[in-house]
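Engineer: Sequence lines, in order, name chains A and B.
Numbering follows the working numbering, with no gaps: position 71 of the first sequence is 71.
Numbering follows the working numbering, with no gaps: position 17 of the second sequence is 17.
Ideal Cβ positions, reconstructed from N, Cα and C, are used throughout, including at glycine.
Since the model is a prediction, treat every value here as computed from it, not as a measurement.
2 protein chains.
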Amino acid sequence: MRNVKLMLQYDGTAYHGWQIQKNAVTVQETVKNALEKITNENINLIGCGRTDTGVHAQGYVCSFKTSSSVPASRLPYALNSILPDDIVCYLGEDMEEDFHAKNSAVGKRYIYRIYCGEFPDAFYSRYSWHYKYPLDLEKMKKAAKAFEGEHDFIGFASSGFTVKTTVRTIYSLDVYKDGNIITIDIKGNGFLYNMVRIIAGTLVFAGGGKIRPEDMEDIINSKDRTRAGITAPPQGLCLKEVYYS
Amino acid sequence: MRNVKLMLQYDGTAYHGWQIQKNAVTVQETVKNALEKITNENINLIGCGRTDTGVHAQGYVCSFKTSSSVPASRLPYALNSILPDDIVCYLGEDMEEDFHAKNSAVGKRYIYRIYCGEFPDAFYSRYSWHYKYPLDLEKMKKAAKAFEGEHDFIGFASSGFTVKTTVRTIYSLDVYKDGNIITIDIKGNGFLYNMVRIIAGTLVFAGGGKIRPEDMEDIINSKDRTRAGITAPPQGLCLKEVYYS
Numbered sequence: 001m002r003n004v005k006l007m008l009q010y011d012g013t014a015y016h017g018w019q020i021q022k023n024a025v026t027v028q029e030t031v032k033n034a035l036e037k038i039t040n041e042n043i044n045l046i047g048c049g050r051t052d053t054g055v056h057a058q059g060y061v062c063s064f065k066t067s068s069s070v071p072a073s074r075l076p077y078a079l080n081s082i083l084p085d086d087i088v089c090y091l092g093e094d095m096e097e098d099f100h101a102k103n104s105a106v107g108k109r110y111i112y113r114i115y116c117g118e119f120p121d122a123f124y125s126r127y128s129w130h131y132k133y134p135l136d137l138e139k140m141k142k143a144a145k146a147f148e149g150e151h152d153f154i155g156f157a158s159s160g161f162t163v164k165t166t167v168r169t170i171y172s173l174d175v176y177k178d179g180n181i182i183t184i185d186i187k188g189n190g191f192l193y194n195m196v197r198i199i200a201g202t203l204v205f206a207g208g209g210k211i212r213p214e215d216m217e218d219i220i221n222s223k224d225r226t227r228a229g230i231t232a233p234p235q236g237l238c239l240k241e242v243y244y245s
Numbered sequence: 001m002r003n004v005k006l007m008l009q010y011d012g013t014a015y016h017g018w019q020i021q022k023n024a025v026t027v028q029e030t031v032k033n034a035l036e037k038i039t040n041e042n043i044n045l046i047g048c049g050r051t052d053t054g055v056h057a058q059g060y061v062c063s064f065k066t067s068s069s070v071p072a073s074r075l076p077y078a079l080n081s082i083l084p085d086d087i088v089c090y091l092g093e094d095m096e097e098d099f100h101a102k103n104s105a106v107g108k109r110y111i112y113r114i115y116c117g118e119f120p121d122a123f124y125s126r127y128s129w130h131y132k133y134p135l136d137l138e139k140m141k142k143a144a145k146a147f148e149g150e151h152d153f154i155g156f157a158s159s160g161f162t163v164k165t166t167v168r169t170i171y172s173l174d175v176y177k178d179g180n181i182i183t184i185d186i187k188g189n190g191f192l193y194n195m196v197r198i199i200a201g202t203l204v205f206a207g208g209g210k211i212r213p214e215d216m217e218d219i220i221n222s223k224d225r226t227r228a229g230i231t232a233p234p235q236g237l238c239l240k241e242v243y244y245s
């Protein structure tokens, strides 16, 4: 059996997230169905992780075992001829037998976009959180620095997932503004459920003066979900990259 | 009666163009219905022009007469609370009695976007024409210059509209590239039906070597639709600005 890696982009607006579920259209199911048409096999498609309803991806990684002889480099063309326009495959690659899209991943990069205009923007509403109140970028940058490094992020997780440990390392957390868009750019060895969206909501609280940047370290160490900010809405979130060793 | 001007942005993907028609959802109908809710009046909403199914707008101008006392500056807030996310009103303004969104317009600016990557992009498929074959930007720029000035553009119009004259003046036609996106940026005193999309299709023919840039003037002067390029697909087109004297 070959072990094939695919890289995908998707606009998550129309999907109930990555993971297959009953009675809802998901990205995993859509890609799996397309692969089964191409290979005439039952495919067990392994994703690099879950994404929620409305969350986007630009560098999603998935993998599957196959006996098909379709060259990996041709798979993007075959897939894109079947997939809807909001899911694109841009790389297919044969991997070693032990490569696993989820278990082999050693880190991820996400971005979260906030649209700051007085009025929403018809072209960014699918891809950003419209926040019309003033945000102090310097305060957001300062608060962001407290997240970098290894911390127990249990105060920045939604319940509903079981994990062995809630300790994660954030390699970098940058905040920058271009026109009306503030981008939160975060790299880490892993993220808890809703962690990036809660960090985004917390940085917006810092930018809006509801949390002082100098209290950020305390808030993280308190492990108290109620001291962090709100969970920012899903459409601002995009999985940019998955890292493998 | 007050005469109120509105400025709109819309992502045209979900709409059968601007103009009200039976059995299809249009932008005009959606905005008109919202205004009627706000004013409790029957509204005759005048648009600056038609746009086709799937065509976008960033600076659409429309106007209507009303007896309502809602201040023009509050209309964007009232409208955006009713309108779907893909239509945004960002300006309301009281005008002189004789202002007419269509008849008072003296020119328009459109952009047309071409996405040039080998694979489509999930985030640009709604907003660009994916064209994966090589395009020579310099040839497109050279061909573009032939369109500037006053010409009879009957060879660059689709049939189906009646106009007094097919002579139009193009003030400027620029072509530039940023990353994988080629943008065609055109300003003129008016445009025939599908004219911008046929010009875009013709410039792609020039960039792809199917039409020589030095023949462009001849092709325009021939007034022969069959010598121009194809009509580029609607999703690449966006009305950027409408000019008034």
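Taking Cβ-Cβ distances shorter than 9 Å, what residues in chain B pair up with A/Ile87?
Structural biologist: Ala122
Engineer: What would DSSP say about A/Asp94, mapped onto helix, strand or coil?
Structural biologist: strand
Engineer: State the Cα-Cα distance for the pair B/Asn42 and B/Val31, rounded to the nearest angstrom.
Structural biologist: 12 Å
Engineer: Can you tell which of A/Gly12, A/Arg227, A/Arg212 has the C-alpha that lies nearest to the C-alpha of A/Leu135?
Structural biologist: A/Arg212
Engineer: Can you list, in chain order, the residues of its chain with a C-beta nearer than 7 Å to that of B/Tyr10? Leave out the 5 residues immediately preceding and following it.
Structural biologist: Closer than 7 Å at Cβ, skipping near neighbours: Val27, His56, Ala57, Tyr60, Asp86, Ile87.
Engineer: If you check the beta carbons only, do A/Thr246 and A/His16 fall under 9 Å apart?
Structural biologist: Because chain A is modelled from 1 through 245, residue 246 of chain A falls outside the range shown and cannot be assessed.
Engineer: So the candidates are A/Gly179, A/Glu217, A/Tyr112, A/Asp224; which of them puts its Cα closest to the Cα of A/Ile154?
Structural biologist: A/Asp224
Engineer: Quick one: grab the DSSP three-state call for B/Glu334.
Structural biologist: Shown here, chain B extends from 1 to 245; a query on residue 334 of chain B therefore has no answer.
Engineer: Report yes or no: is there a C-beta of chain A within less than 9 Å of the C-beta of B/Tyr112?
Structural biologist: no
Engineer: May I ask which residues mark the beginning and end of the beta strand (DSSP E) holding A/Val61?
Structural biologist: Its beta strand (DSSP E) spans residues 56-66.
Engineer: For B/Tyr244, I'd like the list of residues in its chain whose CB is within less than 7 Å of its CB, leaving aside the five on either flank, ordered along the chain.
Structural biologist: By the criterion of a C-beta distance shorter than 7 Å, B/Tyr244 is surrounded in its chain by Ser104, Ala105, Val106, once the five residues flanking it on both sides are discounted.
Engineer: Do the segment 78-97 of chain A and the segment 201-217 of chain A make contact, defined as three or more Cβ pairs closer than 8 Å?
Structural biologist: no
Engineer: So the beta strand (DSSP E) B/Ala172 belongs to, where does it begin and stop?
Structural biologist: Sequence check: residue 172 of chain B is Ser here, not Ala. That run of the beta strand (DSSP E) goes 167-178.
Engineer: Let me see if you follow: with CB-CB separation under 9 Å, is B/Glu118 close to chain A or not?
Structural biologist: yes
Engineer: Using three-state DSSP, classify A/Tyr77 as helix, strand or coil.
Structural biologist: helix
Engineer: Which same chain residues, not among the five before or five after B/Leu45, have their C-beta less than 7 Å away from its C-beta?
Structural biologist: Gln28, Val31, Lys32, Leu35, Cys62, Phe64
Engineer: Pick out whichever of A/Ile20, A/Thr39, A/Cys48, A/Met140 has its Cα sitting closest to the Cα of A/Val70.
Structural biologist: A/Thr39
Engineer: Would you check if the distance between the CB atom of A/Tyr127 and the CB atom of A/Gly236 is smaller than 9 Å?
Structural biologist: Closer than 9 Å, so yes.
Engineer: Can you pull the chain B residues whose beta carbon is under 7 Å from the beta carbon of A/Asn40, in chain order?
Structural biologist: What A/Asn40 touches in chain B: nothing, since even the nearest Cβ is about 24 Å away.
Engineer: Which stretch, first to last residue, makes up the alpha helix (DSSP H) that contains A/Arg197?
Structural biologist: 195-207
Engineer: Can we count A/Ile87 as close to the ligand ADP, meaning its CB is less than 8 Å from some heavy atom?
Structural biologist: Because no ligand of any kind appears in the structure shown, any question about the ligand ADP cannot be addressed here.
Engineer: Can you tell me the Cα-Cα spacing of B/Val167 and A/Asp174, whole angstroms?
Structural biologist: 53 Å
Engineer: Compare the C-alpha of A/Arg74 against each of B/Tyr133, B/Glu118, B/Lys187 and name the closest.
Structural biologist: B/Glu118
Engineer: Skipping 5 residues on each side, what residues in its chain have a beta carbon closer than 7 Å to that of B/Ile111?
Structural biologist: Thr183, Ile184, Asp185, Cys238, Lys240
Engineer: Among the candidates B/Leu6, B/Gly229, B/Tyr171, B/Arg113, whose CA atom is the shortest distance from the CA of B/Ser158?
Structural biologist: B/Gly229
Engineer: Starting from A/Ile111, trace the beta strand (DSSP E) both ways and give me its first and last residue.
Structural biologist: 105-115
Engineer: Considering only the beta carbon of each residue, do B/Arg109 and B/Val4 sit closer than 9 Å?
Structural biologist: no
Engineer: Excluding five sequence neighbours on each side, which residues of the same chain lie with their C-beta closer than 7 Å to the C-beta of B/Glu150?
Structural biologist: Result list for B/Glu150: Val167, Thr169, in chain order.
Engineer: Using beta carbons (cut-off 9 Å, strictly below), is A/Asn80 in contact with chain B?
Structural biologist: yes
Engineer: How close, in whole Å, do the beta carbons of B/Leu137 and B/Gly209 come, if the pair is a contact with beta carbons under 8 Å?
Structural biologist: In fact, because the Cβ distance is near 13 Å, the residues do not count as touching under 8 Å.
Engineer: From this set, B/Thr51, B/Gly12, B/Arg50, B/Asn80, which residue's C-alpha is nearest B/Lys37's C-alpha?
Structural biologist: Minimum Cα-Cα distance from B/Lys37 among the listed residues B/Thr51, B/Gly12, B/Arg50, B/Asn80 corresponds to B/Asn80.
Engineer: Got a sec? Which residues, its chain only, sit under 7 Å from B/Val196 by beta carbon, not counting five neighbours each side?
Structural biologist: Tyr110, Tyr112, Ile186, Leu237
Engineer: Where A/Leu83 and B/Asn221 are concerned, what is the direct C-alpha to C-alpha distance, given to the nearest angstrom?
Structural biologist: 43 Å
Engineer: Helix or strand or just coil, what does DSSP make of A/Leu137?
Structural biologist: helix
Engineer: Under the three-state reduction of DSSP, which class applies to A/Thr231: helix, strand or coil?
Structural biologist: coil
Engineer: Output yes if chain A places a C-beta closer than 9 Å to the C-beta of B/His16; else output no.
Structural biologist: no
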